[in-house]
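K.L.:
After the structure tokens below, expect a handful of questions from me.
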Amino acid sequence: MRQLIAYAMSAVVAATAAYAFSHRTPPPLPATQLRTDRLLINDMAVDGRRVVAVGEQGIVLTSDDLGETWQQASIEPRRSSSLTGVVVLSADHLVAVGHDGWILRSENGGKSWQEVRIDSELAEPLLGVWAGDANHVVAYGSYGKFFVSADGGKTWQARELPVDGYHLNGMDGGADGRQMLVGEQGTVLRSADGGQTWEALPAFYNGSLFGVARLSTERWLAYGMRGHVFVSHDFGQNWTQIPLGHSSPLYGHARLPGQTGVLVVGAGGVVTRFDGQGHLVDSLRLKSLGTLTSVSALDERVLVVGGEQGVFKSFRGGVTVAKD
Amino acid sequence: MKGQTSRVDRWVEACADLLMAHRRGLMAVFLAITLGLGYSALQTRLDPGFNKLIPLRHEYMVNFLEYSKSFTGANRFLVSVRWKGEGDIYNPVFLQTLRKVTDDVFFTSGVSRSSVTSLFTPNVQYVEVTEEGFFGDVVVPPRFGGTLEDLEQVRNNTARSGQIGRLVANDLKSAMVRADLQDVDPKTGEKVSYTEVAKRLEEIRAKYNSDQIEINVVGFAKLVGDVVDGLGAVMGFFVVAFLITAGLLWGYSRSLKMTVVALVVALLPVVWLLGLLPLLGLGIDPMSILVPFLIFSIGVSHAVQMTNAWKQDVVAGASSEAAAHAAFCKIFIPGSLALLMNAVGFAVIMLIDIPIVHELGVTACLGVILMIVTNKMMLPIIISHLSLERAAQPSNKPLEGRKHPLWWGLSSLARPGPALLVFFTSLVLLVVGTLKARDLQTGDIGAGAPELRSDSRYNRDNARIVGSYAIGLDVLTVFVDVKDHPEACLDPAVMRAVDRFDFAVRHVAGVQSVSSVTAAGKVVISGNNEGNPRWSAIPNSERGLQQGSRAYSSELGMVTDGCQQMQILVFLTDHEGATVAHVVNEVKRIVAADVTPGVNFRLAGGNAGIMAASNEAVDRAEVMMLAALFGSVALFCWLTFRSLRAVLCILVPLAIVAILCNALMALLGIGLKVATLPVVALGVGVGVDYGIYLYERIQHEMEEGRDLRHAFYEAMRQRGTAAVFTALTMSIGVCTWAFAPLKFQADMGVLLAFMFLVNVFGAIFLLPALAAWFNEGRPLVRARQSDKAEASTVAAARRETTVGA
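Chains L and E, in that order, are what the protein sequence lines are. Number 324 marks the last residue of the first sequence (our numbering); no jumps. Number 1805 marks the last residue of the second sequence (our numbering); no jumps.
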């Protein structure tokens, strides 16, 4: 009987050995989750204190803490088309547009989105969206595409514009009905009647313009390829180039709080600031962020920039913007 | 059982008679064989091949070899030129050097010239979107003269070429030349020699290194060159191990003759083995170069057992020839059994489905079997001609009537009470060991080339390059196989599937970046639309995709013509086992979650793909190997001793040591991989020797009528000293590898030293304790009724006088 002790010992060793050599799982790495620094962000909008960013693969990100953390919004149905533009109509109401003529609406501040329109047949991109008020929204894009909605983005009508099939890249406007569109190969159109009629302006630049910012009724700023920025003091009649000293293309802008000017961002992490008169204030590069497409100036302190390396928060300390 | 035992005894004795009768003739034959094989051994060649490291039948590797016909670039090397002076690389001295290095790489034989890529080669162009359209040109203008304007132009062109982080370091302090090697040199028609290329690269380094310029080189060819250099140092370790062993042997035996005999006999199987390899068409590779060491160590161990038995009889007054005869009778069965165990241990290594490990198994197995001839047949003949020096006579001989104090004290472990203490200690070690052993990781641990030490030149270069550039050297290649989609690059279903895969994998932890045809396509499409990043997407139409045609050229190496096959490069942050396993699992999950008909994602190539396959093969082989090993050892032991209790006495200590070995690996941060997996098998195969030698004596002594404690004491006295001595010798011998420049050899050395040493502890502590409790109630071995002394006349006589118990 006492032999059992030796057998028990052997059994314990055998069992432990079986456990010791059974399959081991390596220490787990963090679970896969969306990395906000590894996706292309094409546009941003600010809804109250919330930043909404849209980008490749139909990704929409929202942040309620000035860009510190980001949440991925839900989209019904999910598609892998890229989103290129987003705009706030009124509190909690947003519209986003993208490739394949895709248009989405959100009624809860960008947390969840519903599809309004998709054109998988033609599959050409919309490149931007602009809202005049809570109901009037305009989506524009490749080959002169131009859609208008009068019911907050629920239904859309196509409009023909005299642009000869050029891409429309940027738009701005105001409550007084004065609007401006810019696009491929120096295309500039203006409307004084809230977009009912559009007038093509004579070309003043043979390159492409990627955006336009309205500084006042008369004063407009257009920017585009190779560091080209033009300002007009007469609603687009005459344009003057502002030399920047660099030749990085510029892709997006945001108004500074309190109508104190605009920030224009572009390739090479360029952030250029213009005052309300359209004068160049300063220009700097955010190192190693690559191409920037969009920027949000939330308050005096914080900038959020988006681009080919996702979304980033930047303090004014890093982006020295001169005091007025 | 009794009848069988004596039949075996009689047979062994007949063999001994035969051996002694024909000793002169046999010796002449053995000498002739040694001379012949010694001559053949001179032809043994080093044979490091890339494919030998790959588990060729693993699914990943089948894919890898299939696709490697379509995609080159697996055999790439990088030469980074670093500027150590003031400012950045845009100065005439640096650019001049870079140009010369580019030229030197270009003219290195074996380099595929079209693949040479640097700021100075025409295949690197900057692309600019201007008002006039898409525009591209070479980065360094042909009329570059080094003026300030020229430098400024190069700086701008480089920035626009998108090569910052790729060909130019992020901090603008270095730039690299990238090139692929061909398999066959078209000029000579011969296989490209990696060692030659490595030598050439080292010449380039020596030529341009200065206080302003530093050259860093990485790549498989360079790695092979460095490993081969490291192998040269192995020879030095062989000499060191040989000298240490000689010193220990002399200290132990106090006999120059016995020392020389043991060393010569241990060298014989090494010579025979090295002679047989070329005859069998095998070579020595970085891993199996350690086998001769191992064979030598085992050879010494067995020679010591034999000469020790012989010496005991000679000291007792027998003639050399009679003592040799008796030693053969006593040692042949347990010795050959132990060698067979070793052979089994090495044979199960062949279960690992990697050619280099196969060869290790074959070589080691062969060596051990040769040792049965050299050690068990040649040695008795040699010692039968030997006469023991006077100096060696009195040593080791206990005083009349007194017991050897150490071994007698140790033998108290063979009583149930003290045995419990051993059980308790063993269980504590077992639990601690098991908990730690669960932390053992499969694959590499740490950065850089796993073959070399982290502070080696190669790995410092590697760290420098990985730290300066955005691209890594650890790549997992995923292949895409397209069916039913002609011109797949213009097919939105295919391209969007690849794009979604690229996007999903980019977010996996452990992934640094992803390179695919769609990523390149998006750049071109965006470029064709004024460079607007908002166009940087895969269109859902053939017309839209056509805008990216420039990116779908098979010359860029990402797709074949017609895009029926593609490769996606997933750059990893490192190649640790956990990272590789995680990324592979995530890739599988991503592929399974997003199925597109006709688009088949297949794993895996690149160095990380090879590692994933090796790690999986190692994981799979581990349990199988251990089961086969312990199973066969148990079977052999049972066949010999015909007792379950004997099997357990021998195997239980081995099992604990095997667990402790895994725990030690986890503790030292050594991963379980191709180089370290065989260690457990080698260690168990060699470690079983001690148990067999001891148990055989215990059985023998108990048959003679002794109680367990006295039987164990006798076993220790006759075999224990030699066992402990050989364990020490072998441990110290392999321990010298710890200083080897090659990391895997160092790892193997440390682990083997541990296994060899701890195995002997298991045999002398735990074996008697287990025997003590197995002996309770029913004796472990029944004493023989009739006293048949014929089997051990000389020994028995001597025991009467020396022990007198």
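Using N, Cα and C, we set each Cβ at its ideal position, and we do this for glycine too.
(1) With DSSP as the reference, identify every bridge partner of N1216 (chain E), one or two as the case may be.
(2) Between T1195 (chain E) and the rest of its own chain, which residues show a CB-CB distance below 6 Å, the 5 nearest in sequence each way excluded?
(3) Give a yes or no on whether the minimum CB-CB distance between G1691 (chain E) and chain L is below 9 Å.
(4) Should A1437 (chain E) be flagged as near chain L, meaning a C-beta pair shorter than 9 Å?
(5) Starting from H1582 (chain E), find everything on chain L with Cβ-Cβ shorter than 8 Å and list it in chain order.
(6) By DSSP, does A1326 (chain E) sit in helix, in strand, or in coil?
(7) Taking C-beta pairs closer than 7 Å, name the residues in chain L that R1415 (chain E) reaches, listed in chain order.
(8) Should F1756 (chain E) be flagged as near chain L, meaning a C-beta pair shorter than 9 Å?
(9) Under 8 Å by Cβ, that's how I've got I41 (chain L) and V271 (chain L) pegged, so tell me the actual separation to the nearest angstrom.
(10) Around the Cβ of T16 (chain L), are there at least 16 other Cβ atoms within 10 angstroms (buried) or fewer (exposed)?
(11) With DSSP run on the structure shown, which of helix, strand or coil describes A91 (chain L)?
(12) Which of the three DSSP states is assigned to A1233 (chain E) in this structure?
(13) Suppose the cutoff is 7 Å on Cβ atoms and the five residues either side in sequence are ignored; what does the same chain contact list for F1328 (chain E) look like?
(14) Just the chain L side, please: which residues come within less than 9 Å of V1760 (chain E) by C-beta, in chain order?
(15) Please report the residue range of the beta strand (DSSP E) in which W169 (chain L) lies.
(16) Is I1568 (chain E) helix, strand or coil by DSSP?
(17) DSSP on S314 (chain L), reduced to helix/strand/coil?
(18) To the nearest angstrom, how far is the alpha carbon of L1770 (chain E) from that of G1609 (chain E)?
(19) Report the three-state DSSP secondary structure of Q309 (chain L) (helix, strand or coil).
(20) So, at 6 Å on beta carbons, what are the nonlocal neighbours of A1488 (chain E) in its own chain, with the 5 sequence-adjacent residues on each side left out?
(21) Using the rule of at least 16 other Cβ atoms within 10 Å of the residue's Cβ for burial, across every protein chain shown, is S82 (chain L) buried or exposed?
(22) How long is the line joining the alpha carbons of N1123 (chain E) and N1157 (chain E), rounded to whole angstroms?
(23) Check whether the stretch 1624-1637 of chain E and the stretch 1517-1535 of chain E are in contact - that is, three or more C-beta pairs closer than 8 Å.
(24) Residue range of the beta strand (DSSP E) that I41 (chain L) falls in?
(25) I'd like to know whether the C-beta of D43 (chain L) is nearer than 9 Å to at least one C-beta of chain E.
(26) Run down chain C in chain order and give the residues with a C-beta less than 7 Å from the C-beta of V13 (chain L).
(27) Counting only C-beta atoms, is H253 (chain L) closer than 9 Å to chain E at any point?
(28) Would you call A134 (chain L) buried or exposed, if buried means 16 or more other Cβ atoms sit within 10 Å of its Cβ?
(29) So what does DSSP say about R1496 (chain E), is it helix, strand or coil?
(30) Could you check what DSSP says for T291 (chain L) in three-state terms: helix, strand or coil?
(31) Quick one: complete beta strand (DSSP E) runs, 3+ long, within the stretch 192-254 of chain L?
(32) Assuming S1614 (chain E) is part of the beta strand (DSSP E), what are its boundary residues?
(33) For F230 (chain L), which residues of its own chain have a beta-carbon under 6 Å away from its beta-carbon, when the five flanking residues on both sides are left out?
(34) Quick one: which chain E residues come within Cβ less than 9 Å of A73 (chain L)?
(35) Hey, could you find the ends of the beta strand (DSSP E) R285 (chain L) is sitting in?
(36) What does the Cβ neighbour count give for A1805 (chain E), buried or exposed, with the cut at 16 atoms within 10 Å?
P.N.:
A quick look at the data gives this:
(1) Note: N1216 (chain E) sits in a beta bridge opposite E:S1080.
(2) Excluding the 5 residues flanking it on each side, T1195 (chain E) has same chain C-beta neighbours closer than 6 Å at G1225 and V1228, in chain order.
(3) Residue-level contact by beta carbon fails for G1691 (chain E) and chain L, as no gap is shorter than 9 Å.
(4) It does: the Cβ of A1437 (chain E) has a partner Cβ on chain L nearer than 9 Å.
(5) Within 8 Å Cβ-Cβ: P26, P28 and L29.
(6) A1326 (chain E): helix per DSSP, three-state reduction.
(7) Per Cβ cutoff of 7 Å: no residues; R1415 (chain E) is ~13 Å from chain L at best.
(8) Any Cβ of chain L closer than 9 Å to the Cβ of F1756 (chain E) would place that residue at the interface, and such an atom is absent.
(9) About 15 Å separates the two Cβ atoms, so there is no contact after all.
(10) T16 (chain L) is buried by the Cβ-count criterion.
(11) Coil, per DSSP.
(12) A1233 (chain E) falls in the helix class under three-state DSSP.
(13) The residues are A1016, L1019 and P1380.
(14) Going along chain L, no residue has its Cβ under 9 Å from V1760 (chain E), so there is no contact; the nearest lies around 18 Å.
(15) The identity of residue 169 (chain L) in the sequence shown is Asn, whereas the question assumes Trp. For N169 (chain L), the enclosing beta strand (DSSP E) has its first and last residue at L168 to G173.
(16) Note: I1568 (chain E) maps to strand in three-state DSSP.
(17) In the three-state reduction of the DSSP assignment, S314 (chain L) falls in the strand class, which pools E and B.
(18) So the two alpha carbons sit approximately 47 Å from each other.
(19) Here Q309 (chain L) sits in coil by DSSP.
(20) Result list for A1488 (chain E): V1482, V1494 and C1563, in chain order.
(21) Flag for S82 (chain L) reads buried.
(22) When rounded, the distance between both Cα atoms is 14 Å.
(23) The stretch 1624-1637 of chain E makes no contact with the stretch 1517-1535 of chain E, as fewer than three CB pairs between them are under 8 Å.
(24) Counted as a single uninterrupted DSSP element, the beta strand (DSSP E) harbouring I41 (chain L) occupies residues I41 to D47.
(25) With 9 Å as the cut-off, D43 (chain L) counts as an interface residue toward chain E.
(26) No chain C appears in the structure shown, which is made up of the protein chains L and E.
(27) Closer than 9 Å to the CB of H253 (chain L) there is not a single CB belonging to chain E.
(28) A134 (chain L) comes out exposed.
(29) Under the three-state reduction of DSSP output, R1496 (chain E) falls in the helix class.
(30) In the structure shown, T291 (chain L) falls within a coil segment according to DSSP collapsed to helix, strand and coil.
(31) List check, beta strand (DSSP E) in window: 209-214, 220-224 and 229-232.
(32) Going by DSSP, S1614 (chain E) is part of no beta strand (DSSP E) but of the alpha helix (DSSP H) stretching over G1606 to F1641.
(33) Once the five neighbours on either side are set aside, the close Cβ partners of F230 (chain L) are A222, W239 and Q241.
(34) Within chain E, no residue has its beta carbon less than 9 Å from that of A73 (chain L); the closest one is some 16 Å off.
(35) Counting along the chain, the beta strand (DSSP E) containing R285 (chain L) begins and ends at L280 to R285.
(36) Residue placement at A1805 (chain E) is flagged as unreliable, the pLDDT there being 30, under the threshold of 50; the coordinate-derived value follows with that caveat. Flag for A1805 (chain E) reads exposed.
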